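> My structure is below; once you've seen it, I'll send some questions.
Residue numbers (this note's numbering): 3 to 293.
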């Protein structure tokens with residue numbers, strides 16, 4: 003976050019004059035100079051940045067938005083519900099679609115639906131999100147006119163205090179969430195389908211002998227638990243890396259922690275696999291003794 007704030011401070015003058023955004027064009031140059039001096043915009047770069055960090059740490063003041071003419075914290079709180087709804091809707095679509103399709107492609111890899119899913123996932127990985135969003139807007143909002151293309155629709159004040167307005171409790175709000183959630187999910191959905199398929203095929207490959215009902219139940223529980231664990235790890239990683247080009251430093255910082263979690267995952271995967279192998283070995287010995 004420190005590096006991101008430093009980068010934003012370094013490029014903020016490239017986006018125009020903040021005084022003009024605040025007061026408009028009708029103010030004279032002398033008045034603009036007085037406002038800039040009062041706001042500290044004429045101070046050196048490191049002086050402005052040090053003041054921002056000090057106020058953010060000591061007072062919780064993140065500055066003032068030149069665009070909305072409000073404190074930045076109020077702007078973030080006002081827009082946080084819409085962002086959280088988008089993240090929740092996208093994660094729900096990814097889990098609901100990728101889990102059954104990945105399991106199906108692992109169990110029956112040569113069927114038509116499996117081959118079609120893997121081919122379509124390749125197309126989804128190679129297609130950028132903004133192009134998918136434009137195609138969805140053209141088809142569903144412009145051509146067929148069944149879904150809205152912008153806005154949040156009808157919202158409800160969830161807690162009655164005016165801070166959290168949600169559109170997930172109204173039909174119109176849910177309609178406004180469909181297109182953005184689908185377009186965002188197309189980025190990670192093909193990757194998750196392929197990941198679930200490869201993980202399940204890796205575990206299912208050595209299991210070639212006949213199993214009884216108890217062993218099949220244990221096997222399915224272990225497979226689903228391992229797949230869900232890896233899915234949650236990647237979802238957590240994806241939330242922090244939604245904008246990779248802006249958060250490369252943060253990714254390098256989180257990389258060690260992610261691979262530590264991955265080691266834990268592979269440790270339990272190995273343990274469950276040897277447990278299943280042991281169960282199958284003893285079941286074969288029991289069958290031989292009965293014969």
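C-beta: ideal position from N, C-alpha, C; glycine also.
As the structure is a prediction and not an experimental result, all values here were calculated from the model.
Does the structure place the segment 6-21 close enough to the segment 44-63 that three or more beta carbon pairs sit under 8 angstroms?
They touch, by the three-pair rule.
> Measure from the alpha carbon of residue 76 to the alpha carbon of each residue in 132, 148, 164, 135, then state which is nearest.
Minimum Cα distance to residue 76 is reached at 164.
> Would the segment 65-72 count as touching the segment 148-166 if we require 3 or more Cβ pairs under 8 angstroms?
Because the criterion of three Cβ pairs below 8 angstroms is not met, the segment 65-72 and the segment 148-166 do not touch.
> Using 10 angstroms around the beta-carbon of residue 245, count the other beta-carbons present and answer buried if the total reaches 16, otherwise exposed.
Here residue 245 scores only 44 on pLDDT, less than 50, and its place in the model should not be relied on; the value that follows carries that caveat. Exposed, because fewer than 16 other Cβ atoms sit within 10 Å of the Cβ of residue 245.
> In whole angstroms, what separates the C-alpha of residue 168 from that of residue 154?
If you take the alpha carbons of residue 168 and residue 154, they lie about 9 angstroms apart.
> What are the start and end residues of the alpha helix (DSSP H) that includes residue 37?
First-last of the alpha helix (DSSP H) with residue 37: 31-41.
> Should residue 178 go down as buried or exposed, given a rule of 16 or more other Cβ atoms within 10 Å for buried?
So residue 178 counts as buried.
> Are at least three pairs of beta-carbons, each pair with one atom in the segment 25-41 and one in the segment 86-95, less than 8 angstroms apart?
Cβ pair count under 8 angstroms is below three, so no.
> DSSP on residue 57, reduced to helix/strand/coil?
DSSP places residue 57 in helix when its eight states are reduced to three.
> Give a single yes or no on whether residue 97 has its beta carbon closer than 7 angstroms to a heavy atom of the ligand SAM.
Absence of the ligand SAM is noted for the structure shown, with no ligands found whatsoever.
> Between the beta-carbon of residue 107 and the beta-carbon of residue 195, is there less than 8 angstroms?
Yes, these two residues count as a Cβ contact at 8 angstroms.
> Per DSSP, which one or two residues make a beta bridge with residue 167?
According to DSSP, residue 167 bridges with 159.
> In the DSSP assignment, what are the bridge partners of residue 73?
Looking at the DSSP assignment, residue 73 forms a beta bridge with 66.
> Between the C-alpha atoms of residue 100 and residue 16, what's the straight-line distance to the nearest angstrom?
Cα to Cα, the separation comes out at about 42 angstroms.
> How many Å lie between residue 156 and residue 200 at the Cα?
Roughly 42 angstroms between the two C-alpha positions.
> Using a threshold of 8 angstroms, state whether the C-beta atoms of residue 185 and residue 135 are closer than that.
Yes, they are a contact pair.
> Just list the beta strand (DSSP E) runs in the segment 77-165, keeping only unbroken ones of 3 residues or longer that don't cross its boundaries, in chain order.
The qualifying runs do not exist here; there are none.
> From this set, 58, 83, 44, which residue's C-alpha is nearest residue 170's C-alpha?
For the residues 58, 83, 44, the minimum Cα distance to residue 170 belongs to 83.
> What do you get for residue 190, buried or exposed, if any count of 16 or more other CB atoms within 10 angstroms of its CB means buried?
Residue 190 comes out buried.
> Tell me whether residue 182 is buried or exposed, calling it buried when 16 or more other Cβ atoms sit within 10 Å of its Cβ.
Residue 182 comes out buried.
> What residue range is occupied by the uninterrupted alpha helix (DSSP H) comprising residue 22?
Residues 20-25.
> Do residue 192 and residue 104 have their C-beta atoms within less than 8 angstroms of each other?
Contact flag unset, no.
> Is it true that the CB of residue 180 sits closer than 8 angstroms to the CB of residue 149?
Contact: yes.
> Taking only the alpha-carbon atoms, compute the straight-line gap between residue 133 and residue 140 and give it to the nearest angstrom.
Taking the straight line from one Cα to the other gives about 11 angstroms.
> So residue 24 packs on residue 71, CB below 8 angstroms; how close in whole Å?
The Cβ separation is near 6 angstroms, so the contact holds.
> For the alpha helix (DSSP H) that contains residue 11, what are its first and last residues?
Element bounds for residue 11: 4-13.
> Determine the DSSP secondary structure at residue 199, reduced to helix, strand or coil.
Note: residue 199 maps to helix in three-state DSSP.
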